[in-house]
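A.B. asks: Take this structure, written in structure tokens, and hold onto it; I'll ask about it next.
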């Protein structure tokens, strides 16, 4: 893990390339072009779970107005 603001699944491979969930960023850019917004589902779910646990006595909801993408709305 590299640390904030990177996903908890971010790291550097043996060649020093940034990876997210084990996938080199260079591969993602080759496949999807740049600029590219990358969201690691495991990291996103874990952060949501941590937030819910931290505010257990409150009702936590995703503010779709902030970023209403189809993938996150699922």
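Numbering (our numbering), first residue to last: 837 to 910.
Glycine included, C-beta positions come from ideal geometry on N, C-alpha and C.
1) Do the segment 884–902 and the segment 865–875 meet, that is, are 3 or more Cβ pairs less than 8 Å apart?
2) For residue 879, name the three-state secondary structure that DSSP assigns.
3) Per DSSP, what kind of secondary structure is residue 933 in: helix, strand or coil?
4) Leaving out the 5 sequence neighbours to the left and right, which residues in its chain are closer than 7 Å to residue 888 when beta-carbon positions are compared?
5) Would you kindly report the start and end of the unbroken alpha helix (DSSP H) that includes residue 847?
C.D. replies: If we stick to the structure as given:
1) no
2) The count along the chain shown starts at 1 and reaches residue 879 at position 43. In this structure, residue 879 counts as helix in the three-state DSSP scheme.
3) What is shown of the chain runs 837 to 910, which leaves residue 933 out entirely.
4) Counted from its first residue, the chain shown places residue 888 at position 52. Contacts found: 896.
5) What you label residue 847 is simply residue 11 of the chain shown in a count that begins at 1. Where residue 847 is concerned, there is no enclosing alpha helix (DSSP H), although the beta strand (DSSP E) it sits in stretches over 846–848.
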